[in-house]
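Participant:
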Amino acid sequence: MANNEVSLYPYTPSKTAAVISAVVFALLLAIHTFKLFKTKTWFAIPFVIGAIFETLGYLARAYSCSHLSEVNPYIAQTLFILLAPILFAASIYMFLGRIIRATGYARSSIIRPTLVTKIFLGGDILCFLVQAAGAGMLAKTDASQSTKDTGKIVILAGLIIQLFVFGFFVVVAAIFHFRARKVEGSKGLMQEFDWQRYLFMLYAVSGLITVRNVFRVAEYAMGEDGYLLAHEWPIYIFDALLMAVSLVICTTWYVGNIVSKASQGDREDIYVMMAGQETNGARV
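What follows is the structure, given as structure tokens:
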């Protein structure tokens, strides 16, 4: 950095940390992409797109570490890293709908499986658009301080909406879990599909994303003078690490893993329902 170059960061960013993060997410991207096409589990496409966002985000951050005054790479890393978890959430929402259908206990859900995906994906798209709009305000090179402040408020609003949507989603999942466990006379399909294991993993990933969202809300609420924006380590602990762990857990959510222990007949039934294909005139 030249002596007269003004850094966009309030600290000295670590290029090593950014490169390591980019490599980790690139590896996870490769794993998810391989599993996606091998199993044709298309509801997991947002996992792949989200992993692309994370990889590009940390690559842009690594570049930005050596070009501290350049706005474009700084904005790129902010935008990609901020929006990636919304894409992860999209696959998580679709996964719950498929779990509900695969158990055969759709009536145990307070929301029909066909609507679970639509409702929460709608909320997810809203969160994405709101946060993208806020990030767009920050990305304008000629933006006034007032516009930048408004952008941060819009991003904060999008993060808060995301917290509420995700909270309601977990409630829906928990109620289904509680009711389904009480249902007697389980079907053979239930014996072959360890649905509770996948629900517990869904809770774990939901918890990780929620912690990350709370961190981001606190970060933007505290502002530029706050501790979280003034130090680099929180973004790697409360965002990069949590999202990487989430992607690791989600590598087991592909159809091939779920049906591997089922009998041939049940395997076909589970595959159809988990893949979201036509079943009795309805789709998950």
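For reference, each letter of the sequence shown is one residue, going 28 to 311 in this note's numbering. Cβ atoms here follow ideal geometry from the backbone N, Cα and C, with glycine treated the same way. The model shown is predicted, which means the values in this text are computed figures rather than measured ones.
Just the C-alpha distance for S287 and I187, rounded to the nearest angstrom, thanks.
Facilitator: Note that S287 scores a pLDDT of 43, beneath 50, so its modelled location is shaky; the value from the coordinates is reported in the next line. Going from the Cα of S287 to the Cα of I187 covers about 39 Å.
Participant: So is G212 buried or exposed if we call it buried at 16+ other beta carbons inside 10 Å?
Facilitator: Bear in mind that a pLDDT of 46 at G212, under 50, signals an unreliable position, so the model cannot answer this.
Participant: Within 10 angstroms of its Cβ, does T43 collect 16 or more other Cβ (buried), or is it exposed?
Facilitator: Classification of T43: exposed, given that the 10 Å Cβ count is below 16.
Participant: Just mark T82 as buried or exposed, buried being the case when its beta carbon has 16 or more other beta carbons within 10 Å.
Facilitator: Buried.
Participant: Determine the closest residue to T105 out of R128, F80, R125, W222, with distance taken between C-alpha atoms.
Facilitator: Checked all of R128, F80, R125, W222; the closest Cα to T105 is F80.
Participant: Going straight from the alpha carbon of S62 to that of F70, what length do you get?
Facilitator: The residue asked about is misnamed: residue 62 is Lys in this sequence, not Ser. Rounded to the nearest angstrom, the two C-alpha atoms are 12 Å apart.
Participant: Note down, in chain order, each residue of its chain lying with its Cβ closer than 7 Å to the Cβ of R239, except the 5 sequence neighbours on either side.
Facilitator: So the qualifying residues of the chain are P112, F265, D266, L269, M270.
Participant: Below 8 Å on the Cβ atoms is my guess for F122 versus L274; work out the distance and round it to an integer in Å.
Facilitator: Incorrect: roughly 13 Å between the Cβ atoms, too far for contact.
Participant: Count the CB pairs spanning the segment 123-142 and the segment 167-176 that are closer than 8 Å, and state whether there are at least three.
Facilitator: Contact fails: fewer than three Cβ-Cβ distances are below 8 Å.
Participant: What's the C-alpha gap between Y230 and L156?
Facilitator: The alpha-carbon atoms of Y230 and L156 are separated by roughly 25 Å.
Participant: Closest to A116 by C-alpha separation, out of I72, I138, E259, would be which residue?
Facilitator: Checked all of I72, I138, E259; the closest Cα to A116 is I72.
Participant: Could you please give the first and the last residue of the uninterrupted alpha helix (DSSP H) stretch that includes W222?
Facilitator: 222-249 is the span of the alpha helix (DSSP H), which, as asked, contains W222.
Participant: Taking R128 as part of the alpha helix (DSSP H), name the residues at either end of that continuous run.
Facilitator: 98-130 is the span of the alpha helix (DSSP H), which, as asked, contains R128.
Participant: Please identify the residue among F147, T177, A103 whose C-alpha is closest to the C-alpha of L35.
Facilitator: Per the Cα distances, A103.
Participant: CB F147 to CB F205, shorter than 8 Å?
Facilitator: Cβ atoms of F147 and F205: not closer than 8 Å.
Participant: Can you tell which of I108, L153, A201, Y247 has the C-alpha that lies nearest to the C-alpha of D176?
Facilitator: Looking at the Cα atoms, Y247 is the closest of the given residues.
Participant: Is the beta carbon of I119 sitting closer than 8 Å to the one on S41?
Facilitator: Contact flag unset, no.
Participant: Can you name, in chain order, every residue of its own chain whose Cβ lies under 6 Å from the Cβ of Y101, other than the five neighbours on each side?
Facilitator: L35, S91, listed in sequence order.
Participant: Could you round the C-beta distance between I182 and Q158 to whole angstroms and report it? I think they count as a contact, below 8 Å.
Facilitator: About 5 Å; that satisfies the 8 Å criterion.
Participant: Does the Cβ of D252 have 16 or more other Cβ atoms within 10 Å, making it buried, or fewer, making it exposed?
Facilitator: Classification for D252: exposed.
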